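A.B. asks: Counting in this note's numbering, the sequence shown runs from 2 upward without gaps.
Heads up, the beta-carbon is just placed ideally off N, CA and C, and yes, glycines get one too.
Small disclaimer: the values here were computed from a predicted structure and weren't measured.
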Amino acid sequence: MPDKNYQRILGKIARSAGLEEEEIERRVEAKRAKLSGLISKEGAAQVIAAELGISFDNEKLKIDELLPGMRKVNTVGKIINLFPVRTFTTKKGDEGKVANFVIADNTSNVKVVLWDTNHIELIEKGKVKDGIVIEISNGSMRDNEIHLGSFSELKLSNEVLSGVVREKAVREKNIIDFRVGDSSSVRAFVVQTYEPKFFYVCPECKKKAVQEGTDFVCAEHGKVAPEKRALINIVIDDGTESMRSVLFHEAIPSLGFTDLENTEKLLNQREDLLGKEMVFVGNVRNNKFFNRPEFIVDDVKEINLDELLVVLEKK
Ligand SMILES: [Zn+2]
Numbered sequence: 002m003p004d005k006n007y008q009r010i011l012g013k014i015a016r017s018a019g020l021e022e023e024e025i026e027r028r029v030e031a032k033r034a035k036l037s038g039l040i041s042k043e044g045a046a047q048v049i050a051a052e053l054g055i056s057f058d059n060e061k062l063k064i065d066e067l068l069p070g071m072r073k074v075n076t077v078g079k080i081i082n083l084f085p086v087r088t089f090t091t092k093k094g095d096e097g098k099v100a101n102f103v104i105a106d107n108t109s110n111v112k113v114v115l116w117d118t119n120h121i122e123l124i125e126k127g128k129v130k131d132g133i134v135i136e137i138s139n140g141s142m143r144d145n146e147i148h149l150g151s152f153s154e155l156k157l158s159n160e161v162l163s164g165v166v167r168e169k170a171v172r173e174k175n176i177i178d179f180r181v182g183d184s185s186s187v188r189a190f191v192v193q194t195y196e197p198k199f200f201y202v203c204p205e206c207k208k209k210a211v212q213e214g215t216d217f218v219c220a221e222h223g224k225v226a227p228e229k230r231a232l233i234n235i236v237i238d239d240g241t242e243s244m245r246s247v248l249f250h251e252a253i254p255s256l257g258f259t260d261l262e263n264t265e266k267l268l269n270q271r272e273d274l275l276g277k278e279m280v281f282v283g284n285v286r287n288n289k290f291f292n293r294p295e296f297i298v299d300d301v302k303e304i305n306l307d308e309l310l311v312v313l314e315k316k
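(1) Using a Cβ-based criterion (distance less than 7 angstroms to any ligand heavy atom), does E205 qualify as near ligand 1?
(2) Just the C-alpha distance for I235 and F190, rounded to the nearest angstrom, thanks.
(3) Which residue's Cα is closest to the Cα of Q270: P197, Y201, V181, K224?
(4) Please specify which runs of the beta strand (DSSP E), each continuous and at least 3 residues long, are wholly inside the region 10-68, giving them in chain order.
(5) DSSP three-state call for N269: helix, strand or coil?
(6) Take the Cβ of S1 as the centre, count every other Cβ of all protein chains shown within 10 Å, and call the residue buried at 16 or more, exposed below.
(7) Starting from I80, trace the beta strand (DSSP E) in both directions and tell me its first and last residue.
(8) Under the three-state reduction of DSSP, which class applies to H148: helix, strand or coil?
(9) Which value, in whole angstroms, describes the spacing of the CA atoms of D95 and T88?
(10) Which same chain residues end up closer than 7 angstroms to N101 when comparing Cβ atoms and leaving out the 5 residues on each side of it in sequence?
(11) Residues in its own chain within less than 6 angstroms of R188 by CB, not counting five upstream and five downstream?
(12) Can you tell me which of E66, T194, V247 puts its alpha carbon nearest to the alpha carbon of P294?
(13) Give the secondary structure of P3 by DSSP, where H, G and I count as helix, E and B as strand, and everything else as coil.
(14) Please identify the residue among V86, M71, G54, R172 whose C-alpha is closest to the C-alpha of T108.
(15) Return yes when at least one heavy atom of ligand 1 lies under 7 angstroms from the C-beta of K208, else no.
(16) Roughly how many angstroms lie between the CA atoms of K35 and A51, to the nearest whole one?
(17) Rounded to whole angstroms, what is the Cα-Cα separation between K316 and I304?
(18) Report the residue ranges of all alpha helix (DSSP H) runs contained in full by the region 80-123; include only those spanning at least 4 residues, in chain order.
(19) Tell me which same chain residues have a C-beta within less than 6 angstroms of the C-beta of V103, skipping the five on either side of it?
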């Protein structure tokens, strides 16, 4: 399973410890096995780093090296998306403020959440704004966000960052941690599949074409020869939570479905899919009709069993 984030951190630990990357990976897997897989590989890598006496506390990290649970993180990034400062009422009834923005470097991007009024003031005064480069010290990672409290430092940086990653960063997450708006990847089991649903779209604008008698009509392009599209609902479960997921047309073959019109073949393929563990990549959206989150899957990847076997044989 290619995971740049994890590979980078392995490399970093290996270089700091003067050991081979494979050796660090072996120790991480051994640690996870000992803990019956209760810890993520990133979490296990941090434990191994601590055991080797390596600390990232005073080191400036690239954004894709930041891992959930890290304390005292330091990084530099360009602000690519600044949100308006929000006010809220605290439990004591006081007015509180929170601000957030997204910073990017040439490896990835990450959301930064500010809780300290001194930091928020920098935004209100226009000193911290879109497009500038900032340096963060002593932040802490909550889920996949950097949170800055009163012990954290936020200042302008002179570093010049070019070629920053503006696309949404896909993060490996447990389903229980999925939030609306996340771009996530998760390794999970297929626990339920449903019949495909078909619908028609305009070949020009790809919007819904409505059937009127034997004709199909697009609101913009009138009578059209429509394209038939499909969607499939499945339920996936990674052990932390299950989630209803939707695959649209182009994504469907990645599940192993070769012919949606062939009922018998499809039934067999749906049966084969049940209980299968795969990697799902997509976005968490709110289903307005049911008012619940669902996972729009863009891509499904097979788990590389050969790689897994090599790891298991080394034990
Ligand atoms: Zn149209």
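C.D. replies: Reading from the atomic positions:
(1) Correct: E205 has its Cβ closer than 7 angstroms to ligand 1.
(2) Roughly 10 angstroms between the two C-alpha positions.
(3) Closest option to Q270, Cα to Cα, is P197.
(4) Listed in chain order, there is nothing to give.
(5) Helix, per DSSP.
(6) Nothing can be reported for residue 1, as the shown portion of the chain is limited to 2 through 316.
(7) Per DSSP, I80 is one residue of the beta strand (DSSP E) stretching across 74-83.
(8) Under the three-state reduction of DSSP, H148 is assigned to strand.
(9) Looking at the backbone, the Cα of D95 and that of T88 are separated by about 10 angstroms.
(10) Sequence-distant Cβ neighbours of N101 in its own chain, meaning closer than 7 angstroms and more than five residues away, are F84, K112, V113, V114, L115.
(11) Cβ neighbours of R188 beyond the five flanking positions: V280.
(12) Nearest C-alpha to P294: V247.
(13) Note that P3 scores a pLDDT of 45, beneath 50, so its modelled location is shaky; the value from the coordinates is reported in the next line. Looking at P3 - three-state DSSP - the assignment turns out to be coil, as it is neither helix nor strand.
(14) Relative to the Cα of T108, the nearest Cα in the group V86, M71, G54, R172 belongs to R172.
(15) Within the cutoff, so yes.
(16) Going by C-alpha positions, K35 is about 17 angstroms away from A51.
(17) No answer about K316 holds up, because its pLDDT of 49 lies below 50 and its placement is not dependable.
(18) Entirely contained in the region 80-123, not one alpha helix (DSSP H) run reaches 4 residues.
(19) If we look at V103 and ignore the five residues flanking it on each side, its Cβ neighbours are I81, N82, N110, K112.
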